[in-house]
Structures are given as structure tokens and as C-alpha cells.
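Sequential numbering of the sequence shown, starting at 44, is according to our numbering.
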Amino acid sequence: EVTVAGPEALGTQLAEMAGYDAIFLENVLGTDLSRAQMETLRSFVRDFGGGLIAVGGDQAYGVGGWDDTPLEEILPVDMTMNDTEEHPAVCLEIVIDKSGSMEGTDSSGVSKIQMAKEASIAAVELLSPRDSVGVIAFDGASQIVLPPTKLSGGNKARVVDAIGSIGGGGGTDFFPALEDGLKEAQGSGASVKHVMLLSDGQSSPGDIVGLTARYRSAKVTLSTIAIGGDADQHTMEDLAKRGGGRYYFSPDAESVPRVFTRETILIAKNYLIEEPFVPALTNVGGMVRGFEGVAVPQLVGYVGTTKKDQATLWMKTHKGDPLLASWRVGLGKSIAWTSDAEARWSKNWTSWEGYAKFWSQVARFSLGAREGSGLTATTTIDGEGVMRIEAEAVDTGGDFANFRSVFAEVVGPDRKRTEVQLRQTGPGKYTAVTKAEKVGAYLVTVAMAGADAKSSPRLGRRHDTQGLLANNTRVNLR
44 EVTVAGPEAL
54 GTQLAEMAGY
64 DAIFLENVLG
74 TDLSRAQMET
84 LRSFVRDFGG
94 GLIAVGGDQA
104 YGVGGWDDTP
114 LEEILPVDMT
124 MNDTEEHPAV
134 CLEIVIDKSG
144 SMEGTDSSGV
154 SKIQMAKEAS
164 IAAVELLSPR
174 DSVGVIAFDG
184 ASQIVLPPTK
194 LSGGNKARVV
204 DAIGSIGGGG
214 GTDFFPALED
224 GLKEAQGSGA
234 SVKHVMLLSD
244 GQSSPGDIVG
254 LTARYRSAKV
264 TLSTIAIGGD
274 ADQHTMEDLA
284 KRGGGRYYFS
294 PDAESVPRVF
304 TRETILIAKN
314 YLIEEPFVPA
324 LTNVGGMVRG
334 FEGVAVPQLV
344 GYVGTTKKDQ
354 ATLWMKTHKG
364 DPLLASWRVG
374 LGKSIAWTSD
384 AEARWSKNWT
394 SWEGYAKFWS
404 QVARFSLGAR
414 EGSGLTATTT
424 IDGEGVMRIE
434 AEAVDTGGDF
444 ANFRSVFAEV
454 VGPDRKRTEV
464 QLRQTGPGKY
474 TAVTKAEKVG
484 AYLVTVAMAG
494 ADAKSSPRLG
504 RRHDTQGLLA
514 NNTRVNLR
């Protein structure tokens with residue numbers, strides 16, 4: 044059974060995700076997933092043994108803002124590329140709103156100005172020593188905090204310090220600051236000149252048409268990030284559209300760093316490689332079983348990434364970059380496909396007779412062993428908040444499996460995990476007790492060393508007028 048839904052349907056509770064065996068992320072923008080959703084996905088794979096398949100596109104991986112997230116942590120590829128080609132020098136002018144409203148906090152408890160500064164610093168870290176960064180802050184007036192400064196030598200620390208020094212207060216008028224940003228970028232001498240505006244407020248009126256015409260004439264591009272529902276979204280979007288850049292809306296301050304990261308990558312490094320190539324198999328069996336020696340169709344693009352050291356590479360691109368990779372994360376598996384599954388890059392694949400077989404094998408490979416585990420488990424919680432885990436184990440011949448190492452991973456409602464060792468209490472029987480004092484859903488995965496399979500009893504606890512009650516559900520063999 045397959046459920047197709049938007050990222051918002053993913054939820055943040057592991058108990059909900061545990062109803063699935065595997066989850067596909069198909070060209071999902073990083074800002075469309077909350078930090079809590081990513082952390083739950085990580086737990087779904089690592090602690091529960093679920094499968095995760097990340098499918099690329101122009102909004103995925105590094106260009107989708109997946110850098111330094113729990114999602115990057117569990118995938119078999121890093122979001123950055125090995126710098127095999129020389130990129131043109133970039134000048135990035137960061138224009139930050141420091142008006143009084145930027146000092147306000149959202150649900151994360153961190154102020155918008157602080158998040159904007161952290162995002163700017165993260166952008167600096169992505170740039171190379173040959174690139175330059177300038178910083179402008181504004182409220183009712185414009186302030187050049189730092190002129191365009193090359194990041195070579197010890198200048199990166201100087202730029203970071205300048206960003207950190209920005210304080211808050213005053214009204215909002217970003218037009219004078221954008222004029223300064225244009226002048227500073229023009230004088231930088233860089234091949235690529237880009238201005239990034241971050242604001243959460245309504246600006247005083249300005250000449251959008253004339254300003255953006257001067258940007259285009261000087262070959263300086265302008266992108267904007269509107270933070271929160273009070274931002275001047277119409278003006279910000281109009282500026283970016285006319286300025287040849289991109290417009291982003293960040294509903295909260297917490298998502299600003301990911302948006303800024305994606306924009307910086309798009310400016311500084313061409314991670315979208317759109318060239319025709321024929322994929323090359325680098326392994327046999329597994330996901331690519333039956334495709335050895337088969338002429339697979341041509342692809343016309345992918346997102347550049349780097350394979351992690353312990354990952355397995357199954358297919359590569361013409362440049363040697365990962366196309367299909369996998370690795371084991373805790374109890375589960377994650378898979379990365381860096382091209383897309385749509386007409387933009389995979390139009391020759393969608394009509395290929397092997398297309399359905401390929402994706403079926405990828406999905407099944409992510410699931411791991413599912414049958415013949417020889418391991419069953421049950422869980423109960425008493426009224427004192429003590430969980431009892433019991434398991435029965437048999438070997439492949441049907442005899443009791445004695446003197447084995449049997450352990451359980453317990454993931455609580457707060458997504459914290461505890462590993463518990465079970466002790467043998469009888470022929471093929473193993474038992475352990477642990478605390479389960481928080482109200483909410485608990486997920487327990489029991490595994491036996493030396494065996495492929497694991498069992499995952501799912502149990503919940505609820506609160507009602509009679510107090511805490513254990514609510515045991517059936518055991519699912521995995």
C-alpha cells in the first residue's frame with residue numbers, strides 16, 4: 044500500500060511514521076520539513092528500522108537546504124561536492140534588517156535578528172577564499188557594517204565578527220540599504236555579484252522599477268527572504284523577480300538558515316549539473332540486480348553530492364559523482380538517488396520498460412529482512428510506569444535459540460532512545476524491564492545479535508480518568 048501526500052502530512056510523532064515500512068522524499072525542499080520532522084525521520088530509520096529513499100530534483104539535497112540537518116546525517120551522501128572545478132569569484136552583499144521587530148522571537152525562542160546573523164555566518168562558511176562578502180544593516184537608515192572583504196587569510200573571522208556585531212532598533216526602510224548594496228557589489232570586481240536582503244517588516248515606499256533596472260544594468264542580481272507573516276511579501280517578491288534573483292518566504296525564524304544556505308549554494312556553486320549522461324553501474328546485485336549489462340537510459344541532470352566513506356555506491360554519473368548510494372543507519376537503511384523521477388531529468392527513464400522494476404527493487408532493498416526472523420516480542424507497562432519486554436527466539440531449524448545477545452531499543456514520546464539488554468529466563472526466552480514514566484507512544488524494537496530480523500512491538504500509553512493505562516498492540520515482525 045502506498046500513500047502519497049505533501050511534507051506537512053509527515054507529522055512529528057514516531058508512532059505515526061512507524062505505520063509505514065519506508066518513506067520516499069521526492070524532490071522535497073528542506074524548508075518544507077520542520078526540524079522536528081527531520082529528527083523523527085532520523086529516529087524512524089535509526090531506531091525503528093524503517094527505510095528512507097531520498098529522490099533528487101531542483102529542490103533536493105544541497106540546493107534544497109538539507110545541509111547540517113538530521114536528514115543529511117542519515118543519508119549516504121554529503122550535501123557538499125568535492126571542488127573539482129574552479130568556480131568564478133563571488134561577491135555576496137548581505138543586507139540585514141535590524142529594525143526593532145527583528146528582536147522579537149518566535150516559537151523557537153530565538154530572535155529573528157539572531158537567526159538572520161546565524162544564517163549569514165553559515166553562508167560565509169560555504170564560500171571559498173577567493174569569494175568576497177560585504178555586510179549592510181538597516182532600520183530607518185542604511186549602515187555599511189563591512190565593505191566587500193575577500194575571505195582569504197584570516198578575513199573570514201573578521202567577516203563573522205562584523206555580522207555578530209549587528210544590533211537592533213528603529214524603523215524599516217530597505218531601499219537606501221539596497222542602493223548601498225548595489226554600489227558595494229559593483230566595486231568588488233567579482234565575476235558574480237549578488238545582493239541578499241533579509242527583512243521581516245513593511246518598508247517605506249521606494250522606486251522598485253528604477254532600482255532593479257540599475258541592478259540589471261550593473262549585472263548584479265538580487266534575492267530576498269521575507270521572515271514571518273508581517274513582512275512586506277509583495278514588495279520583497281517584486282524586488283527579487285525584477286532583480287533577477289529568487290524570492291523566499293520563511294514562516295518562522297528557525298527556517299532562515301536553511302533558506303540562506305540553499306541560496307548561497309545556488310549563487311556560489313553549481314550543484315545542479317544539467318548535462319546528458321548514461322549512468323554507470325559500480326556494483327552488482329541488491330538494488331540493481333538484473334541490470335548488469337543492461338543499457339540503461341540516458342539522464343540529463345542530477346544534484347551534485349559526495350559519497351560518505353562507509354556508504355555503498357551502486358551507480359555513478361559521468362563525472363564520478365554519486366547517482367545511487369545506500370548505507371545502514373542503526374536498524375534501518377537510507378538510499379540516495381541524486382537525479383529526479385520526473386520529466387526534467389528522467390524523461391527517458393519514465394518511459395523505459397525497466398523503470399517500474401528499478402524503483403520496486405529500490406523500495407524493497409530499503410526494507411531489509413522482513414520474514415523468518417525467529418524472534419517474537421511482547422511489551423507491557425504497569426501502573427508504576429515500568430515496562431516489561433519479553434522475547435522468544437528460535438533458530439532456523441525451529442529449536443530454541445539459547446545464550447544469544449538479545450537487546451531492545453526503546454524510543455519514548457520525547458524521541459529519546461534507551462538500549463536495554465535482555466537476559467535469558469528460560470529456553471529461548473529473554474526478559475528485561477525499563478522505565479516508561481512519560482505519557483505518550485513508546486516504540487520498542489527487539490533484535491538478536493547474529494540474526495537479520497528484528498521485531499517491533501508498538502505500544503502506546505494514554506491518560507484518562509482512571510490514570511495511566513497500558514495499551515498493547517500486536518507485534519509486527521520486521
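Using N, Cα and C, we set each Cβ at its ideal position, and we do this for glycine too.
A direct Cα-Cα distance of roughly 10 Å separates L76 from T55. Burial check for K459: the Cβ neighbour count within 10 Å stays below 16, so the residue is exposed.
For the pair V238 and G249, the CB atoms are not nearer than the 9 Å cut-off. Counted as a single uninterrupted DSSP element, the beta strand (DSSP E) harbouring G375 occupies residues G375 to W380. D352 counts as exposed, since fewer than 16 other beta carbons sit within 10 angstroms of its beta carbon.
A contact is defined here as three or more CB-CB pairs under 8 Å, and the stretch 108-118 fails this definition with respect to the stretch 133-141.
Spanning the alpha carbons of K350 and V120 requires a straight line of approximately 4 Å. For Y104, the CB contacts under 7 Å within the same chain, skipping 5 residues up- and downstream, are M122, V346, T348 and T381 in chain order. Under the DSSP definition of a beta bridge, I187 partners with I179.
Residue environment: T468 is assigned as exposed (fewer than 16 neighbouring CB atoms within 10 Å of its CB, all protein chains considered). DSSP, reduced to helix, strand and coil, places L410 within a helical segment of the structure shown.
Between the C-alpha atoms of D281 and I251 there is a straight-line separation of about 8 Å. For the options A162, L418, G99 and T393, the alpha carbon positioned closest to that of G207 is the one of A162.
Classified as buried, V98 has 16 or more neighbouring CB atoms from the shown chains inside 10 Å of its CB. DSSP places H237 inside the beta strand (DSSP E), whose first and last residues are V235 to S242. Within a 10 Å sphere around the beta-carbon of T74 sit 16 or more other beta-carbons, which makes this residue buried. Among the bridge pairs identified by DSSP, V138 is matched with I179 and L240.
The C-beta distance from P319 to L366 rounds to 14 Å, too long to fall under 8 Å, and the pair is not in contact. Taking a 10 Å sphere around the C-beta of A420, we find 16 or more other C-beta atoms and assign the residue as buried. Around V188, the same chain offers V178, I179, A180, A205, I206, S208 and I209 as residues with beta carbons nearer than 8 Å, after the five sequence neighbours per side are excluded. Taking C-alpha positions only, L72 is separated from H277 by approximately 22 Å. Contact between A269 and F292 holds, since their C-beta atoms are separated by about 5 Å, short of 8 Å. Taking 9 Å as the cut-off, the Cβ atoms of G211 and D174 do not count as close.
For E427, the secondary structure class from DSSP, reduced to helix, strand or coil, is coil. Residue pairing by DSSP places A436 opposite L418 in a beta bridge. Within the same chain, M239, A283, G288, R289 and E306 come within 6 Å of S266 by CB-CB distance, once the 5 residues on both sides are set aside. F218: member of the alpha helix (DSSP H) spanning F218 to Q229, first to last residue. The stretch 435-448 makes no contact with the stretch 396-409; the number of CB pairs closer than 8 Å stays below 3.
The residue from T46, S242, L221 and P191 with its alpha-carbon nearest to that of S231 is P191. Per DSSP, F450 is not a residue of any alpha helix (DSSP H); the beta strand (DSSP E) it occupies stretches across V449 to V454. Using a 10 angstroms sphere on the CB of G49, the tally of other CB atoms stays under 16, which defines it as exposed. Around S154, the same chain offers E146 and T148 as residues with beta carbons nearer than 6 Å, after the five sequence neighbours per side are excluded. Separation of the CB atoms of E480 and G428 is rounded to 4 Å, and the pair is thereby assigned contact status at 8 Å.
Distance from the Cα of E168 is smallest, within the candidate group I96, A61 and R201, for R201. Under the criterion of beta carbons closer than 8 Å, W370 and G329 do not qualify as touching, at roughly 12 Å. According to the DSSP secondary-structure assignment, A61 is paired through a beta bridge with no residue.
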